[in-house]
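S.K.:
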Amino acid sequence: MAVNYFKRYIWLIDLIARRGYISFKEISEAWSKSPLNETGSPLSERTFF
């Protein structure tokens, strides 16, 4: 389970590094298409606050 969280954090860091400024909406859209999102669950805003 910890490995999954680590992969998700790496995915997020990589996404932000590649795109520079990115809105929550854009991150959420990318997350919905990510193969790491196995359950298809939406990204919670609480992730960032």
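Numbering (my numbering), first residue to last: -6 to 42.
Backbone N, C-alpha and C define an ideal beta-carbon position, used for all residues, glycine too.
#1: Determine the extent of the alpha helix (DSSP H) in which residue 34 is found, giving its start and end residues.
#2: Figure out for me which residue from 34, 40, 29, 41 has the closest Cα to the Cα of residue -4.
#3: Kindly give me the distance between the Cβ atoms of residue 36 and residue 20, rounded to whole angstroms, as I take these residues to be in contact under 8 Å.
#4: Specify the secondary structure class of residue -3 as computed by DSSP and reduced to three states.
M.R.: Let me spell this out:
#1: Run containing residue 34: none; DSSP gives neither H nor E here.
#2: By alpha-carbon distance to residue -4, the top candidate from 34, 40, 29, 41 is 29.
#3: Right, their Cβ atoms sit about 7 Å apart.
#4: Shown here, residue -3 sits in a helix according to DSSP, grouped into three states.
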